[in-house]
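Data first, discussion second: the structure below is written as structure tokens.
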Amino acid sequence: MTDSTHPTYERPPTYAVELPGCIPSYEIDDAKKTYKHQYSNIYYMRLQLLRSFVQTRAKAKWKDVAGNPPYTERVLEVNKGELCYIIGTIYMEMPLKPNVMDDIASDLAIPPPPPLTKFHSAEDAVMIEDESGRIQLIGDRLKKANLVTGVIVGALGMETNDGGFEVADLCYAGMPPQEADPDVPPPGKGEDKMDVDDGGEPHELIAFVSGLSLDEENCNDINLVMLAEFLVGEMDTKTSSRISRLVIAGNSLAPIVLLPLEEEELDNNKAWKNQEVINISTVPTLQLGAFMLEVARTMPIHLIPGPTDPSGAILPQQRVPRGMFGRVHEYGTFACETNPVYLRIAAGEGTESETETEVDTETEADVDGTRRKAPRPPPSFSRTFLVNSGQPLDDMYKYVLSPPTTRIEMAENSLRWRHMAPTAPDTLWCHPYFDLEPFILPVTPDFYVVGNQPEFSTELIEDDDEFEGKRRCRIVLVPEFSKTGSLVLVNLRTLEATCMRIGTKGFAVKDKKAQELAEQRRREKEQEVKDQTEPREPPRKSTQMPEALDDDEMD
Numbered sequence: 001m002t003d004s005t006h007p008t009y010e011r012p013p014t015y016a017v018e019l020p021g022c023i024p025s026y027e028i029d030d031a032k033k034t035y036k037h038q039y040s041n042i043y044y045m046r047l048q049l050l051r052s053f054v055q056t057r058a059k060a061k062w063k064d065v066a067g068n069p070p071y072t073e074r075v076l077e078v079n080k081g082e083l084c085y086i087i088g089t090i091y092m093e094m095p096l097k098p099n100v101m102d103d104i105a106s107d108l109a110i111p112p113p114p115p116l117t118k119f120h121s122a123e124d125a126v127m128i129e130d131e132s133g134r135i136q137l138i139g140d141r142l143k144k145a146n147l148v149t150g151v152i153v154g155a156l157g158m159e160t161n162d163g164g165f166e167v168a169d170l171c172y173a174g175m176p177p178q179e180a181d182p183d184v185p186p187p188g189k190g191e192d193k194m195d196v197d198d199g200g201e202p203h204e205l206i207a208f209v210s211g212l213s214l215d216e217e218n219c220n221d222i223n224l225v226m227l228a229e230f231l232v233g234e235m236d237t238k239t240s241s242r243i244s245r246l247v248i249a250g251n252s253l254a255p256i257v258l259l260p261l262e263e264e265e266l267d268n269n270k271a272w273k274n275q276e277v278i279n280i281s282t283v284p285t286l287q288l289g290a291f292m293l294e295v296a297r298t299m300p301i302h303l304i305p306g307p308t309d310p311s312g313a314i315l316p317q318q319r320v321p322r323g324m325f326g327r328v329h330e331y332g333t334f335a336c337e338t339n340p341v342y343l344r345i346a347a348g349e350g351t352e353s354e355t356e357t358e359v360d361t362e363t364e365a366d367v368d369g370t371r372r373k374a375p376r377p378p379p380s381f382s383r384t385f386l387v388n389s390g391q392p393l394d395d396m397y398k399y400v401l402s403p404p405t406t407r408i409e410m411a412e413n414s415l416r417w418r419h420m421a422p423t424a425p426d427t428l429w430c431h432p433y434f435d436l437e438p439f440i441l442p443v444t445p446d447f448y449v450v451g452n453q454p455e456f457s458t459e460l461i462e463d464d465d466e467f468e469g470k471r472r473c474r475i476v477l478v479p480e481f482s483k484t485g486s487l488v489l490v491n492l493r494t495l496e497a498t499c500m501r502i503g504t505k506g507f508a509v510k511d512k513k514a515q516e517l518a519e520q521r522r523r524e525k526e527q528e529v530k531d532q533t534e535p536r537e538p539p540r541k542s543t544q545m546p547e548a549l550d551d552d553e554m555d
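In full-length UniProt numbering, the protein residues as written are 1 to 555.
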């Protein structure tokens, strides 16, 4: 018998579907895992692939300009005083930008300068280059352009007597096309529609969190316990029951700490003087596994690596080995992803039978955590997510003056540039691809999610033109959970996004009893992790010799 005062909620089912062939995979197989190629191949491929888009838009944009400016195919063939437009790759000449001398200094054991949070200065110069050479761009139009190295642009202007190219206007590749879902209701506008409950079919929510930053000091933090309780429905059942899956967008583990050697160790080994050691503990990893195990029992999880996680340092970061997180690796609802990653999430019909199908199929995940391709009922609609752990945006933000430029503006610029990480490989490490440029955006995602940002921010970007048709994308900046206690929820149907505060960083525990209960749960989870870390010895056979029998006993 059901108690009417305690209603029962069911999670609306969603599942990951196969991506279209135009979307690149960020997995690097053994055939491509080579570092002998030059990075110039990336710039060459980028210019060749994006030049036609820029040229088409530039021709249409400047067709009514007086004098009908022609397109000059090579930047070094411009004529002085003649209005024209050129297309090339931006290179920012910045005195504060890192250079090879820093690497030489580190090799010679010279103390390197402290890392800079900004490359921008008054001495910066903007260059544009192609296969023929390089020319400097000048003019007031550049002040508000917020250009960074690696962007493919079209520049309208003329060469001056000083040899510079004075820019009158700029043109970019524009947002790529977007697959339309005619059956999906239009995105909500104005007031946030996240809490609409009209008694009909519940809207599917996708939860995003980043920057858990677990270490030995905070791996048993109350905020993490409360986050797990909220996701599984122990705190706010009505809201959490609408969350269909969780995406962890990088930096789940804290950075590795370098510690100076102890005095005794220095005495024992004089050769290690002035050296540092790495302090590594398995407790944070197991605690992360315990957290994901609790959540994976109720919903699918996508784990994306970040710069502090055990994955390669260069983009694209490969999947974290799923076996290192304990029992959660046995669950098909747990998937390790690359960074960046495209996800296509489809919504089900919300019926009991389809929910059972979701669970059964999720358990058929491959061992490496790849998404399922088992047959499904036709989805009512699906959304495309582009998610990364924040490195591209963090690096682009170093190039611009802020304020007034904001991070959400730079994220929007990357969509209009049709490139997710233009500063790679100049100041952002990436794999030396030879015959492709995977960071070019082939489609406009429905959601562009960036993790590990200082604060929450979101904006719906819309565009409509004769070239690519109508496009819209919800940009979401996910803050670091360890610093803000923030969890971001996005509505799969309306494209709305909202930020929730979880744990003591978001609100104070109101009474002593609730605080004691939270502390008790924290200790219980700490004991679970301790039980996993302690080795279990198999039962030993007795090695004690049996006592000698008396003659009477032998008889």
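Note that beta-carbon positions come from the ideal geometry of N, C-alpha and C, so glycine has one too.
Quiz item: So, helix, strand or coil for R74, using DSSP?
Solution: coil
Quiz item: If we ignore side chains and look at the alpha-carbon of each, how far apart do Y44 and H431 end up?
Solution: 15 Å
Quiz item: Are there 16 or more other CB atoms within 10 angstroms of the CB of Y9, so buried, or fewer, so exposed?
Solution: exposed
Quiz item: Taking DSSP as the reference, what is the three-state secondary structure of I222?
Solution: helix
Quiz item: Hey, V476 and F447: beta-carbon distance below 8 Å or not?
Solution: yes
Quiz prompt | For residue 566, the nearest candidate out of T484, P425 and G451 (CA to CA) | solution = The structure shown does not extend to residue 566, since the chain is modelled only from 1 to 555, so the question has no answer here.
Practice problem: Note down, in chain order, each residue of its chain lying with its Cβ closer than 7 Å to the Cβ of E337, except the 5 sequence neighbours on either side. | Solution: H302, L303, I304 and R319
Exercise. Tell whether a beta-carbon distance below 8 Å holds between I90 and V126.
Key: yes
Self-check item: Per-residue DSSP class, three states only, for V341
Solution: strand
Self-check item: Option nearest L205 by Cα separation, candidates E294, F456, R407 and R11
Solution: R11
Practice problem: Could you name the residues of the same chain whose beta carbon sits closer than 7 Å to that of P255, not counting the 5 residues immediately before and after it, in chain order? | Solution: T308
Quiz prompt | Length of the line joining the Cα atoms of A168 and P115 | solution = 35 Å
Quiz item: Are N491 and V450 touching if we call contact CB-CB under 8 Å?
Solution: no
Quiz item: Since F481 and V209 are thought to touch, with beta carbons under 8 Å apart, how far apart are those beta carbons, to the nearest angstrom?
Solution: 5 Å
Self-check item: Start-to-end residues for the beta strand (DSSP E) that takes in D169
Solution: F165 to C171
Quiz prompt | F434 to N452 span [Cα, whole Å] | solution = 30 Å
Quiz item: L156: which of K61, Q48, A497 and E234 sits nearest, CA to CA?
Solution: K61
Practice problem: Tell me whether the beta-carbon of V17 lies closer than 8 Å to the beta-carbon of S241. | Solution: no
Quiz item: Is there contact here, the region 118–125 with the region 392–406, by at least three beta-carbon pairs under 8 Å?
Solution: yes
Quiz item: Can you tell me whether A58 is buried or exposed, with buried defined as 16 or more other CB within 10 angstroms of its CB?
Solution: buried
Quiz item: DSSP three-state call for M94: helix, strand or coil?
Solution: coil
Quiz prompt | Contact under 8 Å by Cβ, V75 with D162 | solution = no
Quiz item: DSSP on K80, reduced to helix/strand/coil?
Solution: strand
Practice problem: Name the residue from E159, I243 and L137 whose alpha carbon lies nearest to the alpha carbon of V153. | Solution: L137
Quiz item: Looking at R474 and H203, is the spacing between their C-beta atoms short of 8 Å?
Solution: no
Quiz item: Among residues of its own chain, excluding the 5 on either side of E82, which ones have a beta-carbon nearer than 7 Å to its beta-carbon?
Solution: M158
Exercise. Counting only the same chain and skipping the five closest in sequence on each side, list residues whose C-beta sits under 8 Å from that of P442.
Key: C22, I23, P24 and P176
Self-check item: Pick from T298, E216 and E234 that is closest to L288, judged by C-alpha positions
Solution: E216
Quiz item: Sorted by chain position, which residues of the same chain lie with C-beta nearer than 6 Å to L386's C-beta, five sequence neighbours on each side aside?
Solution: Y342, P445 and Y448
Quiz item: How is the beta strand (DSSP E) around K470 delimited, first residue to last?
Solution: G469 to P479
Exercise. Determine the burial state of G174: buried for a count of at least 16 other Cβ atoms within 10 Å of its Cβ, exposed for fewer.
Key: buried
Quiz item: Rounded to a whole number of angstroms, what is the C-alpha to C-alpha distance between G332 and M94?
Solution: 48 Å
Exercise. In the DSSP assignment, find the beta strand (DSSP E) that holds S457 and state where it starts and stops.
Key: S457 to D465
Exercise. State the beta-bridge partners of R383 as determined by DSSP.
Key: I345
Self-check item: Buried versus exposed call for K373 [16 or more other C-beta atoms within 10 Å across all chains shown]
Solution: Low confidence applies to K373: its pLDDT is 44, below 50, so where it sits in the model is not reliable enough to give any reading.
Quiz item: Are M299 and F334 close, meaning C-beta to C-beta below 8 Å?
Solution: no
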